[in-house]
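**Student:** The working numbering numbers the first residue of the sequence shown as 54 and each following residue consecutively. We put the beta carbon where it would ideally sit given N, CA and C, even for glycine.
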Amino acid sequence: MGKEVIKINISKEDDHVFHRNLNLEYPIIDRAEGVYLYESSGKKFIDGCSGAVAANLGHGVTQITDAMNQQAKKAAFVHSLRFETEVLYKLSKEIIDLAPKNFSKVFYTCSGSEANESAIKLVHQYHKDRGNEFKRLIVGRWQSYHGNTLGTLSIGGDLKRRTSFSALLYEHPHINSPITDNEDMSLTNYIDELESLIKNYGAENIGAIICEPIVGSQQGAMVPPYEYFKRIKDICKKNDLLLIIDEVMTGFGRTGKNFAIEYFDVIPDIITFGKGVTGGYAPLGGIIVHNDIVKAILENSNGIFKHGFTYSGHPVLVATGLAAINYYKSNDILYNCNIQSEYLLKGLNQIYDKYKMIKSINGKGLLIGLEFVPNRDHDKDFKASEKVSERLNQISMENGLVLYPGSGAKKGKLGQHIIIAPPLTVNNTEIDEILEILDKSLLKLQKEIN
Ligand code: PLP
54 MGKEVIKINI
64 SKEDDHVFHR
74 NLNLEYPIID
84 RAEGVYLYES
94 SGKKFIDGCS
104 GAVAANLGHG
114 VTQITDAMNQ
124 QAKKAAFVHS
134 LRFETEVLYK
144 LSKEIIDLAP
154 KNFSKVFYTC
164 SGSEANESAI
174 KLVHQYHKDR
184 GNEFKRLIVG
194 RWQSYHGNTL
204 GTLSIGGDLK
214 RRTSFSALLY
224 EHPHINSPIT
234 DNEDMSLTNY
244 IDELESLIKN
254 YGAENIGAII
264 CEPIVGSQQG
274 AMVPPYEYFK
284 RIKDICKKND
294 LLLIIDEVMT
304 GFGRTGKNFA
314 IEYFDVIPDI
324 ITFGKGVTGG
334 YAPLGGIIVH
344 NDIVKAILEN
354 SNGIFKHGFT
364 YSGHPVLVAT
374 GLAAINYYKS
384 NDILYNCNIQ
394 SEYLLKGLNQ
404 IYDKYKMIKS
414 INGKGLLIGL
424 EFVPNRDHDK
434 DFKASEKVSE
444 RLNQISMENG
454 LVLYPGSGAK
464 KGKLGQHIII
474 APPLTVNNTE
484 IDEILEILDK
494 SLLKLQKEIN
């Protein structure tokens, strides 16, 4: 784009970054524009997964970067324990406007993990201060991911991430989340699993259940049946459990609604968010709290949530969120997400017809998962050791497409999948490019496998 390319040559020995995988060399990204990332060598990647499903608005939106800059100049750090800022007030109002009805307060963190940690603590305080101090356990689901801190790993079900640290985890119980095409287990079985868990542990020991409305990294964007959350909510009501909905990946338009829980017509008690709130321009997350909980904190805890971080409500972060939400609204990003979703699905259905190894296409909006099996006409799964989604990811990267690989639901057949989740600003031409590279990459993968 006529910009100077800075060539950086970093040898592996000279690179002091503690990368996730110290054996790999990572491409060095020099700049990013729209849905593209440019390596310092000049190689271009199309971002088919918005980084970690975070860069929802693409790169280089100057309305957002200008707002960050202006706030940094105005007041870079104001401690929210003592002060409020205009941007904090305004962003909270915007988020409450987007949230389902009867939500009234927003607490801020710097990540999705911290958001879920905050939800765990709020649940605990809520019950304890009402005289139910033993309602400590949070029911998680084996197919959900809620973060990488110890509390959130404990409530999440990602075995790969949990295994090395299992000695440090809290013993929160887990159930399975529904797999819509799994003939072995009907919806009733999943609900029964929750009910018998509550019976075994005792409702007096359980404070909440946490669910991703549409599971991202652990289940390839599988959408649960419409009735699922209604039935979960009924059980919560019956047993005085709070329902935490983790919208870290799905929130702020990613699935074609402001929040994915809207698809199920259920009002949770706490919504957690992260990623998309700033479109990845700054690390911001948080929890949106239903007014009933706020009232309980006022009545039973002297209005004090005994929790907080140095950077809760950091002015530059919230200014970024505010500018991002203004951008979502003024550019009708939801509308674009929904029409581009249709276009993407049309193209993916054509690709599906060509490759028997695609078992299903799942998801909503621009959070679309492809599930892989050796051959969908036969009832067999890939072995985890075949690392099919990871291999597809590597081939696509070589071809200039970034995807979000995943694997590993405990029960059920969703072993290997990838997520396609481009920025919600994507257009038809860019989707064509994603589809073309995906097709080419699948062809190569198929040849390798056969
Ligand atoms: N919850 C969900 C559903 C996520 O997808 C993620 C991250 O991928 C998290 C929580 C953790 O967020 P973070 O990585 O910002 O801590």
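1. Can you find a heavy atom of the ligand PLP that lies under 6 Å from the Cβ of Y316?
2. Assuming A168 and V301 make a contact with CB atoms under 8 Å, what is their CB distance in whole Å?
3. Report whether the distance from the Cβ of H199 to the nearest heavy atom of the ligand PLP is below 6 Å.
4. Pull up the CB-CB distance for P266 and P231, whole angstroms please, since I reckon it's below 8 Å.
5. When you measure from the CB of S383 to every non-hydrogen atom of the ligand PLP, does any distance come out below 6 Å?
6. Excluding the 5 residues flanking N21 on each side, which residues of the same chain have their C-beta closer than 6 Å to its C-beta?
7. Report all residues from its chain with a CB closer than 7 Å to the CB of E236; omit the five preceding and five following residues, and keep chain order.
8. Using a C-beta cutoff of 7 Å, does V276 count as contacting chain C?
9. CB of E248 to nearest heavy atom of the ligand PLP: below 6 Å?
10. Do N205 and E170 have their CB atoms nearer than 7 Å?
11. Can you tell me whether R577 is buried or exposed? The criterion is at least 16 other CB atoms within 10 Å of its CB, across all chains shown.
12. Beta-carbon within less than 6 Å of L387's beta-carbon, same chain only, minus the 5 sequence neighbours each way: which residues are those?
13. State the start and end residues of the unbroken alpha helix (DSSP H) segment that holds V545.
14. Pick helix, strand or coil for I191, following the three-state DSSP scheme.
15. Can you tell me the Cα-Cα spacing of E92 and G200, whole angstroms?
16. Which runs of the alpha helix (DSSP H) fall wholly inside the region 286-369 and span at least 4 residues, in chain order?
17. What does the alpha-carbon distance come out to for the pair N379 and F312?
18. Three-state secondary structure (DSSP) at I414?
19. Cβ of M275 versus every heavy atom of the ligand PLP: is any distance shorter than 6 Å?
20. What does the alpha-carbon distance come out to for the pair T202 and Y223?
21. Do D150 and N353 have their beta-carbon atoms positioned less than 7 Å apart in this structure?
22. Report buried or exposed for S494, applying the criterion of at least 16 other Cβ atoms within 10 angstroms of its Cβ.
23. Contact defined as beta carbons within less than 8 Å: I believe I297 pairs with A261. What is the distance between those atoms, to the nearest angstrom?
24. Taking 7 Å as the threshold (C-beta atoms), are K399 and G309 in contact?
25. Counting only runs of 3+ residues fully inside the region 225-280, write out the beta strand (DSSP E) ranges in chain order.
26. Go ahead and pull the three-state DSSP assignment for H72.
27. Say the cut is 6 Å; is the CB of G165 nearer than that to a heavy atom of the ligand PLP?
28. Indicate whether the contact test is met: 3 or more Cβ pairs, each with one atom in the region 362-372 and one in the region 136-156, closer than 8 Å.
29. Please return the same chain residues whose Cβ sits closer than 6 Å to the Cβ of E483, not counting the five positions on each side in sequence.
30. Looking at the unbroken beta strand (DSSP E) that takes in A128, where does it start and where does it end?
31. Can you have a look at S164 and say buried or exposed, based on whether 16 or more other CB atoms are within 10 angstroms of its CB?
32. Whole angstroms is fine: what's the gap from F187's alpha carbon to L175's?
33. How big is the Cα-Cα spacing for A108 and G361?
34. Shorter than 6 Å, the distance from the beta carbon of G269 to the closest heavy atom of the ligand PLP, or not?
35. For A474 versus L419, is the C-beta distance shorter than 7 Å?
36. Assuming contact is defined by CB atoms lying nearer than 7 Å, are G101 and L456 in contact in what I supplied?
**Tutor:** Well, looking at it:
1. no
2. 6 Å
3. yes
4. The Cβ separation is near 12 Å, so there is no contact.
5. no
6. Residue 21 cannot be examined here, being either before or after the span of the chain that is shown, 54 to 503.
7. Only weak support exists for where E236 lies, its pLDDT of 49 falling under 50; the value from the coordinates is given anyway. Contacts found: none.
8. Here chain C cannot be found, since the structure has a single protein chain.
9. no
10. Sequence check: residue 205 is Thr here, not Asn. A contact, by the Cβ cut-off of 7 Å.
11. Since the first residue of the chain shown is 54 and the last is 503, residue 577 is not available in this structure.
12. G306
13. Because the chain spans 54 through 503 in this model, residue 545 falls outside it and cannot be assessed.
14. I191 falls in the strand class under three-state DSSP.
15. 29 Å
16. 344-353
17. Roughly 16 Å between the two C-alpha positions.
18. strand
19. No, Cβ of M275 sits at least 6 Å from all heavy atoms of the ligand PLP.
20. 11 Å
21. no
22. S494 should be labelled buried.
23. 5 Å
24. Taking 7 Å as the Cβ cut-off, G309 and K399 do not qualify as a contacting pair.
25. 259-264
26. coil
27. yes
28. The answer is yes - the region 136-156 touches the region 362-372, with three or more Cβ pairs under 8 Å.
29. V88
30. First-last for A128: undefined, no H or E at that position.
31. buried
32. Going by C-alpha positions, F187 is about 14 Å away from L175.
33. 26 Å
34. Yes, Cβ of G269 sits closer than 6 Å to a heavy atom of the ligand PLP.
35. Yes; because the gap between Cβ atoms is below 7 Å, this pair is in contact.
36. yes
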